[in-house]
Every structure is written in C-alpha cells, then in structure tokens.
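Since the structure comes first, as structure tokens, the remarks are kept for the end.
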Amino acid sequence: MNLKVGMKVSGVVTGIQPYGVFVDIGEHQQGLIHISECHSGYVADIYRLFKVGQPVN
1 MNLKVGMKVS
11 GVVTGIQPYG
21 VFVDIGEHQQ
31 GLIHISECHS
41 GYVADIYRLF
51 KVGQPVN
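Be aware that the sequence shown starts at 1, since it is given in the UniProt record's numbering, and climbs by one per residue.
Below, the structure written as structure tokens:
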C-alpha cells in the first residue's frame, strides 16, 4: 500500500488510549487516530466511541 499523509484508509481498532485509537491498516502497518480527529465535537470518553476490533474508515 502506497500511503500518503492525509490519505483516508480503512482498518480495525487494535488499541484505545485516552489520546486516540490505534488502527491496523493492513500490510503490517499501524495508524493512530488522535482524539481531536475522532469526532467533530468534544470527546469526553473515547472508550464509549470505539471498541477493539471495530472497523473504521
């Protein structure tokens, strides 16, 4: 996969931290979605938005 900054990809949540979620995007690549990019508004509890194993785009 030829990845570029800002590119939109699909993946599966592999980990959740207070600052964001880690996503397996395939081909032995991990990505991080920062909490500020997870929702259009304030996120009080990221653990309510995401679950490990959840598919994301």
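Heads up, the beta-carbon is just placed ideally off N, CA and C, and yes, glycines get one too.
How would you write the range of the beta strand (DSSP E) that residue i sits in, first residue to last?
i: Ile16; result: Gly11 to Gln17
What is the residue span of the alpha helix (DSSP H) that residue i lies within?
i: Ile46; result: Ile46 to Leu49
Work out the CA separation of residue j and residue i for me, nearest whole Å.
i: His39; j: Val9; result: 17 Å
i: Thr14; j: Val52; result: 5 Å
i: Met7; j: Phe22; result: 16 Å
i: Gly11; j: Gln54; result: 8 Å
i: His28; j: Val5; result: 17 Å
i: Arg48; j: Asn2; result: 32 Å
With DSSP as the reference, please indicate the residues paired to residue i in a beta bridge.
i: Gln54; result: Its beta-bridge partners do not exist; DSSP assigns none.
i: Val23; result: Val13 and Gly31
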